[in-house]
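Residue numbers (this note's numbering): 1 to 155. Even for Gly, the Cβ is constructed at its ideal location relative to N, Cα and C. Encoded as structure tokens, the structure appears first; notes follow it.
Next comes the structure, spelled out in structure tokens:
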């Protein structure tokens, strides 16, 4: 009895609806595959050079390694993710309670403020008791004078 019901149900299927469903599924799958090939970093646009550590990025890693792990730090927006495991991280030009400041003039990244405010705070760092302790390849590392003495020659 059941096989007769199934046979009738299959016979009653409107074949154009089934074909339209299959066609739509094929189009969606095809569009998904094409977009993966076109835009995915693992598709046709893969370039290994995009994923290599540049000389500048290596310098940035070295500069950030100079900051003690427990120190409060203010960093340029594009450097903050690299320091995010710290307890106290601020987006430069926010300086409340920070001991170290790191900015990078070679790979600009300031999304939280205007250039005028950014430049004004940067230029006022010596007056706010911050002294430069290291500079390389556009990366500038500052330390608050209460945290430690300023090295000669960089001020």
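Where the beta strand (DSSP E) containing residue i begins and where it ends
i: residue 135; result: 130-136
i: residue 91; result: 89-91
i: residue 104; result: 100-104
Cβ separation of residue i and residue j, assumed to be a contact under 8 Å, to the nearest whole Å
i: residue 142; j: residue 132; result: 6 Å
i: residue 63; j: residue 102; result: 6 Å
i: residue 72; j: residue 88; result: 4 Å
Bridge-paired residues (DSSP) for residue i
i: residue 144; result: 130
i: residue 73; result: 89 and 100
i: residue 139; result: 104 and 136
Alpha helix (DSSP H) segment containing residue i, residue limits
i: residue 65; result: 55-65
i: residue 123; result: 115-123
Selection from the options that minimises the alpha carbon distance to residue i
i: residue 58; options: 27, 152 and 104; result: 104
i: residue 108; options: 100, 88, 126 and 140; result: 140
i: residue 96; options: 26, 125 and 106; result: 125
i: residue 194; options: 85, 61, 36 and 81; result: Residue 194 lies beyond the range of the chain shown here (1 to 155); nothing can be said about it.
i: residue 135; options: 151, 129 and 35; result: 151
i: residue 138; options: 147, 56 and 127; result: 56
i: residue 82; options: 100, 61 and 20; result: 61
i: residue 67; options: 37, 128, 42 and 99; result: 99
i: residue 127; options: 114, 145 and 18; result: 145
**Study point:** Cβ contact (3+ pairs, closer than 8 Å) linking the segment 44-56 and the segment 66-83
**Key:** Using a C-beta cut-off of 8 Å, the segment 44-56 makes no contact with the segment 66-83, since fewer than three inter-stretch Cβ pairs fall below that distance.
Review point. Any chance the segment 88-99 sits against the segment 113-124, with 3 or more Cβ pairs inside 8 Å?
Key: Enough Cβ pairs lie closer than 8 Å, so yes.
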